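J.: Heads up, the sequence shown is in the working numbering, so the first residue is -7 and it goes up one at a time.
No residue lacks a Cβ here, since even glycine has one placed at the ideal position from N, Cα and C.
Computed from a prediction, not measured in an experiment: that's the story for all the values here.
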Amino acid sequence: MNVSMKALPAAALLLFSLSMNSCQPHPPERIASPNGKLMAEVLLLGNGQLAYGVRYEDEPVIETSVLGFEFLDAPPLSAGLEITERASRFFSERWEMPWGEQRYVDNTYNEMRLGIRERQGLQRSFFLVFRVYDDGMGFRFEFPEQEHMDRVLITEEHTHFRLTGDHTVWWTPGDWDIYEHLYSSTPFSQIDALSKRNHPNLAQSFIPVNAVNTPVTMKTAGGLYLSFHEAALIDYAGITLEIDPVNLQMRSNLVGTEREDFKVQRHTPFHTPWRTLQIASRAGDLIESKLIVNLNEPNKLGDVSWLRPTKYMGIWWEMHIGKSTWGMEGSRHGATTGNARYYIDFAAEHGIGALLIEGWYTGWEHWIGHHDREGIFDFVTPYPDFDLEEVSSYAREKGVDLVMHHETSSAVTTYEAQMDTAFALMSHYGYDYLKTGYVGTIIPRGEYHHGQWMVNHYMRVIKKAAEHQVMLNTHEPIMATGLRRTYPNDATREGLRGQEFNAWATDGGNPPGHLPIVAFTRMLAGPIDYTPGIFNIKIEPYRPENRVNTTLAQQLALYVVIYSPMQMVADLPRYYEDHPAFQFIKDVGVDWEESRVLGGEIGEYVTIVRRERDTGNWFLGSITNEAGRELTIPLDFLEDGRYAAILYADAEDAHWEHNPTAYRIEEFEVDRTSEMFLKLAPGGGAAISFLRMHND
């Protein structure tokens, strides 16, 4: 990576001060963002409890909120504290993403580091560190090695967020096992996560208290946008935020385990993940923010030129719609040698870089509906009708990469015992991409997908994939927290209610308003493998009782709106053949020089443009909810010169429910002084390719 410091005066680059606390009450400690609009304040309450508050443009955003910890075998760290030292600094750099929504990222913040100590008793100490950016802030706790803190068993971290009003919130329940819930939109005081228990379409779910998962996004009555999450989650439990509707307050509720009486086990020295707050006066600024990745450490893998973002197809959707099966029961097995060759031929002809093949290894007929999932998959033994050697050789001959699939069935100890063998097979056949899955309750029993034990497992897989130079796509994951900066092979994740719910969910599938929420919530955590591009909207003749609740034009727009460096071309090849709109999928980029959000409101609509690396071509995606929408788009984001603009839009009579496949294609010659008018149908969208013309 190319990392460089901006030219700054030495005094501005690092400001350091050290002060010892006296017996008098310690005055509040404050740190402001570089532009001065955002201010964090840390103070000690009358009982010596640590607290903080946040202001934006001199108005409170987070009222005084307490901080602390409870431990299994030690007194809590809450009251009786003192601030012993303070250090502050200004930092600024510009670093390069090896792949991503943009090539270069500005990382500029003011940092305050406070030394905290118990006045009496064990006199345990820690540091509270705030980093304040123009677009938000993060804070974490750092515990140094010390006499009375070695093995630390945390039963709860008490990080509170006291809100200033009954904000509108877009939320999913604080499920310890899965993120695949639809979003709700309610006032904060009306959040009821417990009502989301026992959803019939979820393979696993556990919602112990009235809490929400992060990222959770809010809008204040004054029009300010807030999003709460965490960054750099390593060797710690994932966070949920418990709701106190009376006091308009959230408090951390770490994901636990049934096997232990504590939620986190660490040895000093260690630090917690960053607790993050993004703040914006415009909804689109939440998407453009790089706060989460900036709070992670730089690339630890060294040369990552082997990483190649790609579009990929899959023997996948046909299983979800019932055309074929994962296992060999019956006569509809999908992962056959012949079917793989068919997909490879199509991908090669149309410039699709890779192919995912699910159901190629034995064991699938023993999986769904069976409680004993230990040892049913070994990830190296193909079914008799799948010739791994022939398929791999044929893909190489055609210039198509293969995406390996490891569905662990959440038998995690079994998978860890087999990882070396499974990755060795990938290396032998030259696989550069891997999709993992964790459907079902975790084995060993008593662990949850989002607890510390699984956080550490996901990290082991990331590191093992890096050893074999493999890009990773994780399903049923822990939520992304920006680790793609530190481990750039950690490419994309599911972590939401994805496209497959449209194929088989009994509740009507994902409503048209789902993705205009996702863009401002889940997507703030990191890239999403949503699997767009379904052209057979009504899934006929396979699932006539199900359907995709968008127009075809919106399926195109998702390639720009919902970001992933591994972007699936999800439908069956037969629905793309000779279809004029398929040209947009062939043209659209997957790795970007820059991205901009031109407009949007949470749950209503969003319009995003992205410039492709190396080509200079721009692509626009715009999607809307159940309401139709008219937009005028100035093209001043374009560089100088002329562009061929190809518009893929909803037809005049298009409608997500009544006429979803009606579309039109129009071509224009434009430049940066032009404007384009978009008319989005209900549940619809628009996609535009801006291809540079080189004959100016």
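Could you tell me how far apart the beta carbons of T206 and M471 are, in whole angstroms, since I believe they sit closer than 8 Å?
T.: Residue mapping note: residue 206 aligns to position 214 of the sequence shown, counting from 1. Residue mapping note: residue 471 aligns to position 479 of the sequence shown, counting from 1. That belief holds up - the Cβ atoms of T206 and M471 are roughly 7 Å apart, short of 8 Å.
J.: Run through the DSSP bridge pairs and tell me what H398 is partnered with.
T.: Numbered from its first residue, the sequence shown carries residue 398 at position 406. Answer by DSSP bridge pairing, in chain order: T428.
J.: Under a Cβ-count criterion, where at least 16 other Cβ atoms within 10 Å of its own Cβ denotes burial, should H686 be classed as buried or exposed?
T.: Within the sequence shown, the letter at position 694 stands for residue 686. So H686 counts as exposed.
J.: Just to confirm my understanding: we take I454, look at its own chain, exclude 5 residues before and 5 after, and list those with CB closer than 8 Å. What are they?
T.: Taking the first residue of the sequence shown as position 1, residue 454 is located at position 462. If we look at I454 and ignore the five residues flanking it on each side, its Cβ neighbours are L464, L475, Y479, N481 and D482.
J.: Short check: CB of K390 to CB of I336, under 8 Å?
T.: As a first step, residue 390 is located in the sequence shown; it is residue number 398 there, counting from the start. As a first step, residue 336 is located in the sequence shown; it is residue number 344 there, counting from the start. A contact, by the Cβ cut-off of 8 Å.
J.: When you compare only the Cα positions, how much space is there between R539 and P533?
T.: Indexing the sequence shown from 1 puts residue 539 at position 547. Indexing the sequence shown from 1 puts residue 533 at position 541. Taking the straight line joining both Cα atoms gives about 11 Å.
J.: Is DSSP giving L216 helix, strand or coil here?
T.: Position 224 of the sequence shown holds residue 216. Three-state DSSP puts L216 in coil, outside helix and strand.
J.: Can you give the beta carbon distance from V395 to A457, rounded, assuming they're within the 8 Å contact cut?
T.: Walking along the sequence shown from the start, residue 395 turns up at place 403. Walking along the sequence shown from the start, residue 457 turns up at place 465. At roughly 12 Å, the Cβ-Cβ gap does not stay under 8 Å, so V395 and A457 are not in contact.
J.: Distance, Cα to Cα, E341 vs F493?
T.: The residue you call residue 341 lines up with position 349 of the sequence shown. The residue you call residue 493 lines up with position 501 of the sequence shown. Using only the alpha carbons, I get a separation of about 30 Å.
J.: From N13 to L516, what distance separates their C-alpha atoms?
T.: Here residue 13 corresponds to residue number 21 of the sequence shown, with the count starting at 1. Here residue 516 corresponds to residue number 524 of the sequence shown, with the count starting at 1. Note that N13 scores 33 on pLDDT, short of 50, meaning its location in the model is unreliable and no value can be drawn from it.
J.: Is N99 near D499, with beta carbons less than 8 Å apart?
T.: Working through the sequence shown from its first residue, we reach residue 99 at position 107. Working through the sequence shown from its first residue, we reach residue 499 at position 507. Not in contact: N99 and D499 (Cβ atoms no closer than 8 Å).
J.: Express the C-alpha separation of R514 and P1 in angstroms, rounding to a whole number.
T.: Walking along the sequence shown from the start, residue 1 turns up at place 9. Walking along the sequence shown from the start, residue 514 turns up at place 522. With a pLDDT of 32 at P1, under the threshold of 50, the modelled position of this residue cannot be trusted; read the value that follows with caution. If you take the alpha carbons of P1 and R514, they lie about 39 Å apart.
J.: Should N291 be labelled buried (16 or more other beta-carbon atoms within 10 Å of its own) or exposed?
T.: In the sequence shown, residue 291 corresponds to position 299, counting from 1. The residue in question, N291, is buried, as its Cβ has 16 or more Cβ neighbours within 10 Å.
J.: If we count the other Cβ atoms within 10 Å of its Cβ and call it buried at 16 or more, is T373 buried or exposed?
T.: Locating residue 373 in the sequence shown gives position 381, counting from the first residue. Classification of T373: exposed, given that the 10 Å Cβ count is below 16.
J.: Is A416 a contact residue of the ligand HEM, with contact defined as CB to any heavy atom under 7 Å?
T.: What this structure holds is no ligand at all, so the ligand HEM is not there to describe.
J.: From A679 to L548, what distance separates their C-alpha atoms?
T.: Position 687 of the sequence shown, counting from 1, holds the residue named residue 679. Position 556 of the sequence shown, counting from 1, holds the residue named residue 548. For A679 and L548, the distance between alpha carbons rounds to 6 Å.
J.: For M89, collect the residues of the same chain with a Cβ closer than 7 Å to its Cβ; drop the 5 residues on either side in sequence, then sort them by chain order.
T.: Here residue 89 corresponds to residue number 97 of the sequence shown, with the count starting at 1. Closer than 7 Å at the Cβ level, and outside the excluded window around M89, lie R95 and V97.
J.: At the level of alpha carbons, what is the spacing between P652 and T616?
T.: For this step, residue 652 is matched to residue 660 along the sequence shown. For this step, residue 616 is matched to residue 624 along the sequence shown. Going from the Cα of P652 to the Cα of T616 covers about 13 Å.
J.: What first and last residue would you give for the beta strand (DSSP E) that runs through N502?
T.: On the sequence shown, position 510 is the one that residue 502 refers to. First-last for N502: undefined, no H or E at that position.
J.: Which of helix, strand or coil does DSSP assign to I577?
T.: Locating residue 577 in the sequence shown gives position 585, where the first residue counts as 1. Helix, per DSSP.
J.: Which residue's Cα is closest to the Cα of T406: F369, L672 and I526?
T.: Working through the sequence shown from its first residue, we reach residue 406 at position 414. Considering only alpha carbons, the answer is F369.
J.: Do you know offhand how far P165's Cα is from Q112's?
T.: Residue numbering aside, residue 165 sits at position 173 when the sequence shown is read from its first letter. Residue numbering aside, residue 112 sits at position 120 when the sequence shown is read from its first letter. For P165 and Q112, the distance between alpha carbons rounds to 40 Å.
J.: From which residue to which residue does the alpha helix (DSSP H) around W445 run?
T.: As a working mapping, residue 445 is identified with position 453 in the sequence shown. Segment Q444 to E459, the alpha helix (DSSP H) holding W445.
J.: Sorted by chain position, which residues of the same chain lie with C-beta nearer than 6 Å to L639's C-beta, five sequence neighbours on each side aside?
T.: Taking the first residue of the sequence shown as position 1, residue 639 is located at position 647. Answer for L639: E658 and I680, listed in chain order.
J.: Please check the pair E62 and Y44, which I expect to be a contact at CB under 8 Å, by giving their CB distance rounded to whole angstroms.
T.: Locating residue 62 in the sequence shown gives position 70, counting from the first residue. Locating residue 44 in the sequence shown gives position 52, counting from the first residue. The pair is not a contact, with the Cβ atoms about 18 Å apart (cut-off 8 Å).
J.: When burial is assigned at 16 or more other CB atoms within 10 Å of the CB, is C15 buried or exposed?
T.: The count along the sequence shown starts at 1 and reaches residue 15 at position 23. In this predicted model, C15 has a pLDDT of only 38, less than 50, meaning its place in the structure is not dependable enough to derive any value.
J.: Any chance the stretch 427 to 444 sits against the stretch 243 to 250, with 3 or more Cβ pairs inside 8 Å?
T.: The stretch 427 to 444, when compared against the stretch 243 to 250, does touch it at the 8 Å Cβ threshold.
J.: Between which two residues does the alpha helix (DSSP H) containing R388 stretch?
T.: The residue labelled residue 388 in the question sits at position 396 within the sequence shown. Start and end: L380 to K390.
J.: Under a three-way DSSP split, which group does N99 fall into?
T.: Counting from 1 along the sequence shown, the entry for residue 99 is found at position 107. DSSP places N99 in strand when its eight states are reduced to three.
J.: State the beta-bridge partners of P374 as determined by DSSP.
T.: The residue you call residue 374 lines up with position 382 of the sequence shown. Bridge partners of P374: Y353.
J.: Measuring straight from C-alpha to C-alpha, what distance separates Y421 and E381?
T.: For the purposes of this step, residue 421 is taken as the residue at position 429 of the sequence shown. For the purposes of this step, residue 381 is taken as the residue at position 389 of the sequence shown. Roughly 8 Å separates the two Cα atoms.
J.: So, for R656: in the same chain, excluding its five sequence neighbours on each side, which residues have a beta-carbon less than 7 Å away from its beta-carbon?
T.: Taking the sequence shown and counting its residues from 1, one reaches residue 656 at position 664. Contacts found: A641 and A643.
J.: Report buried or exposed for Q182, applying the criterion of at least 16 other Cβ atoms within 10 angstroms of its Cβ.
T.: Against the sequence shown, residue 182 aligns to sequence position 190. Exposed, since its Cβ has fewer than 16 Cβ neighbours within 10 Å.
J.: Tell me the residue span of the alpha helix (DSSP H) that contains N286.
T.: On the sequence shown, residue 286 is found 294 positions in, with the first residue counted as 1. L283 to N286 is the extent of the alpha helix (DSSP H) around N286.
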